[in-house]
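**Student:**
Numbering (the working numbering), first residue to last: 22 to 454.
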């Protein structure tokens with residue numbers, strides 16, 4: 022019975038094996054599955070690395086050509102427009118203002134009476150001085166007559182004494198008459214001195230009287246008026262400004278403060294232009310006249326006052342306007358120019374790395390470069406050695422240059438093995454093709 026049962030089970034097992042009735046294991050439990058998966062991942066990684074990462078790791082050089090062109094180096098500075106000459110009118114006398122003949126913006130001529138003070142008292146002083154002078158002249162005439170009479174009497178006495186052989190008149194009489202002559206001469210001298218004094222007093226009174234009429238010392242225009250009729254003027258050591266005059270406003274002066282870093286580049290005769298807030302879209306011409314030797318220090322910033330001549334035929338510009346000036350310190354024509362980005366460029370990968378070069382004529386990528394705003398190359402430092410890189414067979418090869426002036430974007434090339442059209446590297450990029 023038992024043998025029959027075992028035989029039946031064995032047959033059943035064989036039949037299930039033939040029919041695939043055995044329990045099948047999942048794929049993830051099979052070792053071959055993981056092996057195949059690892060192989061596929063390795064293939065995908067290799068494809069990604071060589072086809073994608075390989076191209077991104079490639080280095081491409083961005084180039085720009087050297088050019089021929091004009092180069093202008095400029096210095097910027099701020100300042101104020103002023104008249105070439107201003108005059109503050111005051112009074113040397115104390116008194117009451119009787120009349121003001123001009124107002125603001127009026128044109129005036131040299132010698133024109135602008136302000137009149139009350140002159141009643143001063144006219145009286147002049148009359149008194151004249152009377153005193155007349156009296157002194159009369160006194161002199163009287164003294165001269167007395168002297169003449171005393172001299173005549175002395176002459177007669179001396180003649181009589183000579184004729185009498187010295188007997189008469191006595192020597193005492195002669196001496197007394199000589200004393201009278203000397204006294205008369207002293208009276209004449211005193212009268213002459215009084216005349217001189219009276220003449221000076223009259224001149225002083227007339228001078229004071231003339232000062233009641235305040236005249237213009239220049240041809241120009243009235244900038245400010247701070248006086249009205251009836252105003253009481255008090256003469257003092259510091260005269261009060263009654264009127265402010267300026268020379269013809271068709272010629273003005275622009276005073277700007279040039280930074281000490283730029284003062285070596287500015288010189289008389291250089292051309293300039295400037296703008297003012299009143300006319301922001303208009304450039305006005307100017308010419309540099311002089312640079313002050315004395316400096317001005319404000320908040321540890323040292324500047325030098327620079328004076329520029331300004332023509333103002335249309336009278337658009339007014340004294341006191343603030344201006345921003347641009348002084349052309351260098352103006353080169355047909356110079357060989359290299360981009361400043363090429364001078365700053367330094368390769369960040371080995372020069373052995375090969376990569377195709379790109380010629381980009383547009384603006385290069387921005388690089389973080391520290392630059393002093395407004396500073397320029399001065400003539401004393403206009404020549405210096407520099408280095409740029411050119412692309413040769415995928416290599417960044419350095420080329421030495423001697424450069425000159427720069428405007429912050431382009432630099433003058435003075436010496437070197439490069440010429441116009443030669444391409445220099447200004448940047449590099451990964452993944453460039």
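Don't be surprised by glycine CBs; every beta carbon is placed ideally from N, CA and C. Quantities reported herein were computed from a predicted structural model and do not represent experimental measurements.
(1) So the candidates are 63, 219 and 421; which of them puts its Cα closest to the Cα of residue 161?
(2) If you follow the alpha helix (DSSP H) that residue 202 is in, where does it begin and where does it stop?
(3) Short check: CB of residue 361 to CB of residue 429, under 8 Å?
(4) Rounding to the nearest angstrom, what Cα-Cα distance links residue 326 and residue 365 in this structure?
(5) Got a sec, what are the start and stop residues for the alpha helix (DSSP H) residue 149 sits in?
(6) Is it true that the region 259-268 meets the region 96-113, where meeting means three or more beta-carbon pairs spaced less than 8 Å apart?
(7) Figure out for me which residue from 86, 280, 328 and 334 has the closest Cα to the Cα of residue 320.
(8) Give me, in chain order, the residues of the same chain whose beta-carbon lies closer than 6 Å to that of residue 351; leave out the 5 immediate sequence neighbours on both sides.
(9) Do residue 297 and residue 343 have their C-beta atoms closer together than 8 Å?
(10) Please state the DSSP three-state secondary structure of residue 312.
(11) Consider the Cβ of residue 256: report whether some Cβ of chain C lies at a distance smaller than 8 Å.
(12) Secondary structure at residue 255, three-state DSSP: helix, strand or coil?
(13) Please confirm if the region 126-133 is in contact with the region 235-249, defined as three or more CB-CB distances below 8 Å between the two stretches.
(14) According to DSSP, what are the bridge partners of residue 250?
(15) Taking only three categories from DSSP, how would you classify residue 117?
(16) How many angstroms separate the CA atom of residue 150 from the CA atom of residue 117?
(17) Out of 411, 244, 142 and 416, point me to the one whose CA is closest to residue 438's CA.
(18) Measure the CB-CB distance between residue 153 and residue 212 and report whether it falls below 8 Å.
(19) I need the DSSP call for residue 66, collapsed to helix, strand or coil.
(20) Using DSSP with H/G/I as helix, E/B as strand and the rest coil, what is residue 322?
(21) So, residue 309 versus residue 289, is the Cβ gap smaller than 8 Å?
(22) Do residue 171 and residue 202 come within 8 Å of each other at the CB atom, strictly closer than that value?
(23) What residue range is occupied by the uninterrupted alpha helix (DSSP H) comprising residue 363?
(24) Out of 253, 282 and 178, state which residue places its alpha-carbon closest to the alpha-carbon of residue 193.
(25) When the Cα atoms are used, what is the spatial distance from residue 374 to residue 446?
(26) Let me confirm a value: residue 394 is counted as buried when at least 16 other C-beta atoms fall within 10 Å, else exposed. Which label applies?
(27) My understanding is that residue 295 touches residue 305, with C-beta atoms under 8 Å, so please give their C-beta distance in whole angstroms.
(28) Taking the C-alpha atoms as reference points, what is the distance between residue 84 and residue 422?
(29) Which residues in the same chain as residue 42 place their Cβ atom closer than 6 Å to its Cβ, once the five residues preceding and following it in sequence are excluded?
(30) If distances are taken between C-alpha atoms only, which option among 124, 358, 235 and 435 comes closest to residue 441?
(31) Please classify residue 56 as buried or exposed, where buried requires at least 16 other C-beta atoms within 10 Å of its C-beta.
(32) What residues in its chain sit with their C-beta under 7 Å from that of residue 25, if we drop five residues either side in the sequence?
(33) Compare the C-alpha of residue 418 against each of 444, 432 and 433 and name the closest.
(34) Return the first residue and the last residue of the beta strand (DSSP E) that residue 187 is part of.
(35) Measuring alpha carbon to alpha carbon, tell me which residue in 406, 248 and 140 is nearest residue 229.
(36) Among residues of its own chain, excluding the 5 on either side of residue 224, which ones have a beta-carbon nearer than 6 Å to its beta-carbon?
**Tutor:** Here's the rundown:
(1) Selected option, being the one with the closest Cα: 219.
(2) Annotation for residue 202: the continuous alpha helix (DSSP H) segment containing it runs 192-231.
(3) Yes, Cβ-Cβ distance for residue 361 and residue 429 is below 8 Å.
(4) Straight-line spacing of the CA atoms in residue 326 and residue 365 works out to 34 Å.
(5) Per DSSP, the continuous alpha helix (DSSP H) segment holding residue 149 begins and ends at 141-184.
(6) Taking 8 Å as the limit for Cβ pairs, the verdict is that the region 96-113 does touch the region 259-268.
(7) In this structure, 280 is the residue among 86, 280, 328 and 334 with its C-alpha nearest to the C-alpha of residue 320.
(8) These residues qualify, in order along the chain: 94 and 426.
(9) Between residue 297 and residue 343, the C-beta spacing is below 8 Å.
(10) The DSSP-derived three-state label of residue 312 is strand.
(11) The question asks about chain C, but that chain is absent: this structure has only one protein chain.
(12) It is coil, neither helix nor strand.
(13) They touch, by the three-pair rule.
(14) DSSP lists no partner for residue 250.
(15) Judged by DSSP in its simplified three-state form, residue 117 adopts strand.
(16) The C-alpha of residue 117 is placed about 23 Å away from the C-alpha of residue 150.
(17) Minimum Cα distance to residue 438 is reached at 411.
(18) Against a cut-off of 8 Å, the Cβ pair of residue 212 and residue 153 comes out as no contact.
(19) Helix.
(20) The answer is strand: DSSP assigns residue 322 an E or B state.
(21) The answer is yes: Cβ separation under 8 Å.
(22) Inclusion of residue 202 and residue 171 in the CB contact set at 8 Å is warranted, their separation being smaller than that value.
(23) Going by DSSP, residue 363 is part of the alpha helix (DSSP H) stretching over 361-365.
(24) Answer by Cα proximity: 178.
(25) Low local confidence applies: a pLDDT of 44 at residue 374 is under 50, so the model's placement there is unreliable, and no value is given.
(26) At residue 394 the pLDDT is 33, less than 50, meaning the model places this residue with poor confidence; the figure from the coordinates comes in the next sentence. By the neighbour-count rule (16 or more Cβ atoms within 10 Å), residue 394 is not buried but exposed.
(27) That belief holds up - the Cβ atoms of residue 295 and residue 305 are roughly 6 Å apart, short of 8 Å.
(28) The C-alpha of residue 422 is placed about 17 Å away from the C-alpha of residue 84.
(29) Because residue 42 carries a pLDDT of 47, less than 50, the predicted location of this residue cannot be relied on, and no value is offered for it.
(30) Looking only at 124, 358, 235 and 435, the smallest Cα-Cα distance to residue 441 is reached by 358.
(31) The residue in question, residue 56, is exposed, as its Cβ has fewer than 16 Cβ neighbours within 10 Å.
(32) Caution applies to residue 25, whose pLDDT of 49 falls short of 50 and renders its modelled position unreliable; the value that the coordinates give is listed next. Closer than 7 Å at Cβ, skipping near neighbours: no residue.
(33) For the residues 444, 432 and 433, the minimum Cα distance to residue 418 belongs to 444.
(34) DSSP places residue 187 in no beta strand (DSSP E); its state is neither H nor E.
(35) Among 406, 248 and 140, the Cα nearest to that of residue 229 is on 140.
(36) Closer than 6 Å at the Cβ level, and outside the excluded window around residue 224, lies no residue.
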